[in-house]
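Student: Sharing a structure here in C-alpha cells format.
Protein chains: 2
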Amino acid sequence: MPLRPYDQTCSIARTLELIGERWTLLILRDVLLGNRRFEDLQRTTGAASNILTDRLNTLVEHGILRRVPLEERPDRFEYRPTRAGAELSHVLQALMQWGDRHTAGPEGPPRVIVHTACGHATEPVHACAHCGEPLEPDEVEIHPGPGATPEIAAAGVLPRR
Amino acid sequence: MPLRPYDQTCSIARTLELIGERWTLLILRDVLLGNRRFEDLQRTTGAASNILTDRLNTLVEHGILRRVPLEERPDRFEYRPTRAGAELSHVLQALMQWGDRHTAGPEGPPRVIVHTACGHATEPVHACAHCGEPLEPDEVEIHPGPGATPEIAAAGVLPRR
DNA sequence: ACGCCTCGCTTGCAAAACGCAAGTCAGAAG
DNA sequence: CTTCTGACTTGCGTTTTGCAAGCGAGGCGT
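Chains as they are written, first to last, in the numbering used here: chain R, 1 to 161; chain W, 1001 to 1161.
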C-alpha cells in the first residue's frame, strides 16, 4: 500500500502533495539559486542519489521543473524551474524569513535577499492586495471560497475568536 | 540510526527540520484556523494518533505551540500557537496561494483570505520592505549574510545569470 | 587500443518512519 | 458499576529512506 496523499480539498494540502516530501524544498531552493545539475544538487542538498532521482522526476512530472539537455555527447542535463516552479520562491522566502527570525544564532542569517531593482537588502513584506496595508497573521479571516466542500462551507469563517 | 536532520547552515533547512515532516504543516494549518484539540486535529488533518502525538510534542518542544490546560477534571488540553507559530501563517499563506493558482480546478479555490481591516478578499502580495515595490521571483538576488559559512560566502551572489 | 574518469542514474539491503487497529487510563455520565 | 469520552500508547506489518555499490555511455590520457 502506497503512502496515501493527503487527499484533502485544501490548497495547502494539495501543494504539499507535490512539494511536501523530505528533500523536495531543498532541491527547489538550490535549483532556484542556480544549482541545476544532478551532481551539484546531490552535493548541495545532501540527498541520496536515488531520492534525488525520484524527487526530480516528480517535480518534472508536475510541471515544476523542466529537464533540459545541455549538450549531447556526452549527454548532460539541467533541471530548470518552470514559471510555476519559480513562483514557489515565495514559499521558500517565507520559510527563510521565519528561519532567519527564529533559528539564526547571534551571527545573523546565512543569506540575505537583495531587491535588484532598488539595490537594497530586504525582507519580503506580506501586504493586502486590496488596500496595500501589511497583512498581519491576526488580521485575516479565512472564508469558504467558490471551490469549498460542504464541510468547509459548514465551518464558515475561521478562526472563530 | 535516526533519520539525520538536514544539518545545513541555511534558514530554509533549519526551518524544515522543525516543520518539514509529513503532517506538521497541516496540523499548523488547523491550529491557526482555530482547531486546537487533539481529537479535532485527528479528524481534520487525517493524521494517525501516534503521529499526531509526536508532531504536537515536537512543535511544543520548539516553541511553536503551547499545550494549555482547558479544564481540570476531566483533564482537557488545547494546543495554541505561540507568536513564532502564528508567524508561520506566512508560510501557509504562500503554500495556499500557490495551490490556488496551480492546483485548483475550474470551481476555484476552496478558501479565500479576507483582510479584516479593509473587509476585502485578498491575496498576500510580497513587497520589498525597502522600496515597497512588488518582489517578483526574478527581481531578487541572494547574497551571503553575516552568518554565512565559507562555502556560502564562496558561492557569492546567486543566482549567477 | 586500453584502462580510467565523469555524469547521471539504478539496484540491493538494512534501518527508520508510517498507518492502522487495539489497548490504556482517568474521569464523567447514566 | 457499566459505558463513554478524550488523549494518548503499544504492537505489528508496510513503506520509505540512507548508504554503498554498480552500470553504461561517452570522453581522455598514453
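Positions of the beta carbon are idealized from the N, C-alpha and C atoms, including for glycine. Predicted model only: the values in this text are computed from it and were never measured.
1. For S1011/W, decide whether its Cβ has a neighbour in chain R, counting only Cβ atoms nearer than 9 angstroms.
2. What residues in its chain sit with their C-beta under 6 angstroms from that of G1147/W, if we drop five residues either side in the sequence?
3. Name the residue from P109/R, D75/R, V91/R whose alpha carbon lies nearest to the alpha carbon of G20/R.
4. Secondary structure at I1064/W, three-state DSSP: helix, strand or coil?
5. Can you check which of these residues, T15/R, Y79/R, E61/R, is closest to N35/R by C-alpha distance?
6. Can you find at least 3 beta carbon pairs, one from the region 1136–1143 of chain W and one from the region 135–145 of chain R, that sit closer than 8 angstroms?
7. From the DSSP output, in three-state form, read off L70/R for me.
8. Is any beta-carbon of chain R found at less than 9 angstroms from that of D1100/W?
9. May I have the straight-line CA-CA distance separating I12/R from C118/R, to the nearest angstrom?
10. Kindly indicate if chain R contains any beta-carbon less than 9 angstroms away from that of P1150/W.
11. Could you check the C-alpha separation between L1052/W and R1043/W for me, to the nearest Å?
12. Whole angstroms is fine: what's the gap from L158/R's alpha carbon to A84/R's?
13. Sort L1018/W, H1120/W, A1104/W, H1126/W by Cα distance to V1060/W and report the nearest one.
14. So which residues on chain R does R1022/W lean against when the C-beta distance must stay under 9 angstroms?
15. Classify D1007/W: buried if its beta carbon has 16 or more other beta carbons within 10 angstroms, exposed otherwise.
Tutor: Let me lay it out:
1. yes
2. none
3. V91/R
4. coil
5. Y79/R
6. no
7. strand
8. yes
9. 32 angstroms
10. no
11. 11 angstroms
12. 29 angstroms
13. L1018/W
14. L3, Y6, L16, G20, E21, R22
15. exposed
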